[in-house]
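Note sheet for the following structure.
Next comes the structure, spelled out in C-alpha cells:
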C-alpha cells in the first residue's frame, strides 16, 4: 500500500522492476523508514550554512578539447548480445 | 467567435562543434563508420568516469554572452534518469538547478522571417527572452527497422546545448524567425553550424492557445519530430488550428506530447500528462562543479560582432541600405566576401570611384546571389574571388563599361572564372573615352542632323539625347554616353 511518503509500485515502474506483492510490501516498509529518516535530516536548521554542490570541496576538474583514441567497432561490440553491420541490435523501441 | 492568442516556447538542442566529446576524449564527428568513435564512457560501461570538456563549456558561455545571458558563478551537472537503449547508463548527464547560462534573449531579425512573411512583421525588432541554456550530452543514434532497432554510439556524448525560451513567440512565423536568427548567431560565434537538416539543431515546441482576454496560458501541448524550420512552421499552423477548433467545439485540451508527421501533415498523440516522464534528477557525484569566473574572462574577448551590429556598421561605414546590409550580414561568409571587395576598392583612392561599396553590394545582391543559387554553390565555392568582383566594379564605376555591360561581364566571369579586364577587351566592350575619336563621330552626327542641332540651340535639352544616340550608333555602342553628352553640350553651346 502506498504511504504518504511514496508509492513503491510507481517507483518500481520507473526503474523497470517487477515486484511480487510480498516484495512490494517489504520494500515499501524499508524505503518508508529511510524516508522517515530523511524527514529528521530535513528538520535540521541549516539557515546560514552555504549550500554545497558536491560532497567534496573540489572544483574545475576539466580536460582540454583534444581528441584521443577510441575503441575499434569490434571492441565496442564485443559484449553485445546481438549485432548487425557494426551496430548493436535491440528490441524494436519506437516511442 | 472569440479570437485566440497563441503562446509558443522552444527547447532548442544544438550540437557544439568541439573536436572531442563532452565527457570523454572520443572524437566528435559526423559520418564515421558505425561505433568507431566510442569508449567505456560514451558506451555507458560500468565504472567508467566522465571528465568535463573545457572547450564545450567555453563555447556554451560564449553563446550565453552573445545572447545577453547571466553567467552564474557556479555551475554543476546532474543525472536525468530514463530508460531507453540510446542511453545505456540509464541517465543522461545534464544540468538541472545550476545551468551555465540564465536569462538573455534572441532578437528576431527581419530577414530571418520566412520570405512570404517579411512584408507583414507584427513586432519588428522583437527580442524573445530566454529562460536558460544548459550543457548536456547527446544520445546514440537509433535506426528503427521492421523487426528490431540498431544503435550507433558515435553521436553519444557529443556536447549538446539546450536553449530554452520563454513562451513569448506568438505565431509560426515568429518561431521560424527565432530559429533562423538563433542559427545565425550560433554561426557568428563559431559555436555550431546549427543545421536542422543535418540534425545539428533539433527542437521541441510547446504551444498553447487561449481566448483573448484570458490572462493565464492555455493547456500546453508539446510537439516533437520536426526536421526543418519549414516543418516547424507547418506543424504549428496545423496544431494551432487543431487546438482552436477543439476549443470552439467545447472540448477540453489535456496537457500532452504530440508527434508531427510531415508526410501526413498532422500531429499525432504520443502521451498525455498522466504518463509524462519523471526524470528524478540528482546531482552527479562523478563530475565536480565548475566556477565560471576564469572561463568567463577568457571567453569575453571572443564575443564577435553580432548580425545587428554588423548591419549598423555596414550602413554607416559603407553607406549601403539597411536592406542590402541585412541580406549580406545574414551569412557570415558572404559578409567576409563583401567586406574584402568593398575594402579593396575603398583603399584605392587614386581611382576616384564614386560609390564602390554600393556597387559591390548591388552586384552581390542582384547578380551574385542569383548565380550562386542557380548553380547551387555556397559563397565559399564562388568561382569569382572578391578581388575579381572589385576589379569589375572599377571598370563600371570608372565608366569603362556600362552597368548593363557589367552584368554581361559578370555572367561570363562567373561561368569561366576569368578576369573582368580580359573579358571586356575580348568582347571589345571598352567604352571609347578617347575624345579625339569621339570628336569625329560628333562632327558626323551634327553634320547629318542640322534640324536637331537647331532644336538644341533653341534650348530643347531633350534633343541632345537624340544626337548622343546617333554618336553611340556611329561608335557601335562603345562610346561613353556621359562623355558624349558632355562633349555635345560643349560644342553646341558655342
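Protein chains in written order, with our numbering: chain A, 1 to 95; chain B, 1001 to 1494. Glycine included, each C-beta is placed from N, C-alpha and C at the ideal position. As the structure is a prediction and not an experimental result, all values here were calculated from the model.
What does residue i touch in chain A if you count any residue whose Cβ is under 7 Å from its own?
| i | result |
| --- | --- |
| residue 1144 of chain B | 92 and 94 |
| residue 1039 of chain B | 70 and 71 |
| residue 1538 of chain B | In the structure as shown, chain B begins at 1001 and stops at 1494. Residue 1538 of chain B is therefore absent and cannot be evaluated. |
| residue 1043 of chain B | 76 |
Could you give the residue range of the alpha helix (DSSP H) that holds residue i?
| i | result |
| --- | --- |
| residue 41 of chain A | 21-42 |
| residue 1416 of chain B | 1403-1416 |
| residue 949 of chain B | Outside the modelled stretch of chain B, which goes from 1001 to 1494, sits residue 949 of chain B, for which no answer is possible. |
| residue 1487 of chain B | 1481-1493 |
| residue 1356 of chain B | 1356-1362 |
| residue 1397 of chain B | 1386-1397 |
| residue 1373 of chain B | 1369-1374 |
| residue 1063 of chain B | 1054-1066 |
| residue 75 of chain A | 73-76 |
Please list the partners that residue i has in chain A, where partner means a Cβ-to-Cβ separation under 8 Å.
| i | result |
| --- | --- |
| residue 1303 of chain B | Simply none; closest approach about 19 Å. |
| residue 1076 of chain B | 53 and 54 |
| residue 1026 of chain B | 67, 68 and 70 |
| residue 1034 of chain B | 73, 85, 86 and 87 |
| residue 1285 of chain B | 54 and 55 |
Kindly indicate the opening and closing residues of the beta strand (DSSP E) around residue i.
| i | result |
| --- | --- |
| residue 1185 of chain B | First-last for residue 1185 of chain B: 1172-1188, but that is the alpha helix (DSSP H), not the beta strand (DSSP E). |
| residue 1004 of chain B | 1004-1015 |
| residue 1091 of chain B | 1091-1094 |
| residue 1029 of chain B | No beta strand (DSSP E) holds residue 1029 of chain B; DSSP gives it neither H nor E. |
| residue 1343 of chain B | Where residue 1343 of chain B is concerned, there is no enclosing beta strand (DSSP E), although the alpha helix (DSSP H) it sits in stretches over 1332-1347. |
| residue 87 of chain A | 87-91 |
| residue 1022 of chain B | Careful: residue 1022 of chain B lies outside any beta strand (DSSP E) and carries neither H nor E. |
| residue 1159 of chain B | 1159-1165 |
| residue 1324 of chain B | From DSSP, residue 1324 of chain B is part of no beta strand (DSSP E) but of the alpha helix (DSSP H) over 1322-1329. |
| residue 1038 of chain B | It is not in any beta strand (DSSP E) - residue 1038 of chain B carries neither H nor E in the DSSP assignment. |
| residue 1206 of chain B | 1201-1211 |
| residue 1227 of chain B | Looking at the DSSP string, residue 1227 of chain B is not in any beta strand (DSSP E), and its letter there is neither H nor E. |
| residue 1268 of chain B | 1266-1272 |
| residue 1451 of chain B | First-last for residue 1451 of chain B: 1450-1457, but that is the alpha helix (DSSP H), not the beta strand (DSSP E). |
| residue 16 of chain A | Per DSSP, residue 16 of chain A belongs to no beta strand (DSSP E) and is neither H nor E. |
| residue 1079 of chain B | 1078-1081 |
| residue 1280 of chain B | It is not in any beta strand (DSSP E) - residue 1280 of chain B carries neither H nor E in the DSSP assignment. |
So, does the CB of residue i fall closer than 8 Å to a CB anywhere in chain A?
| i | result |
| --- | --- |
| residue 1290 of chain B | yes |
| residue 1202 of chain B | no |
| residue 1501 of chain B | Since the first residue shown for chain B is 1001 and the last is 1494, residue 1501 of chain B is missing from the structure and cannot be characterised. |
| residue 1051 of chain B | yes |
| residue 1256 of chain B | no |
| residue 1282 of chain B | no |
| residue 1018 of chain B | yes |
| residue 1261 of chain B | no |
| residue 1138 of chain B | no |
| residue 1225 of chain B | no |
| residue 1153 of chain B | yes |
| residue 1110 of chain B | no |
| residue 1278 of chain B | yes |
So residue i contacts chain B; which residues on that side make the cut at Cβ distance below 7 Å?
| i | result |
| --- | --- |
| residue 84 of chain A | 1150 |
| residue 78 of chain A | Going along chain B, no residue has its Cβ under 7 Å from residue 78 of chain A, so there is no contact; the nearest lies around 11 Å. |
| residue 32 of chain A | Chain B residues near residue 32 of chain A: none, gap ~18 Å exceeds 7 Å. |
How about residue i: is its C-beta nearer than 8 Å to some C-beta of chain B?
| i | result |
| --- | --- |
| residue 28 of chain A | no |
| residue 46 of chain A | no |
| residue 50 of chain A | no |
| residue 43 of chain A | no |
| residue 38 of chain A | no |
| residue 64 of chain A | yes |
Who are the neighbours of residue i on chain A, taking C-beta pairs under 9 Å?
| i | result |
| --- | --- |
| residue 1147 of chain B | 92 |
Contact list for the segment 2-21 of chain A against chain B, Cβ threshold 7 Å = 14 and 16
Which of the residues in the segment 1171-1196 of chain B, read from start to end, lie with their CB under 8 Å from any CB of chain A?
-> none
Please list the residues of the segment 1082-1104 of chain B that have a C-beta atom closer than 8 Å to any C-beta atom in chain A, keeping them in chain order.
-> 1083, 1084, 1085 and 1098
Run through the segment 1100-1155 of chain B for me and flag every whole beta strand (DSSP E) of 3 or more residues, listed as ranges in chain order.
-> 1105-1107, 1127-1137, 1141-1144 and 1148-1152
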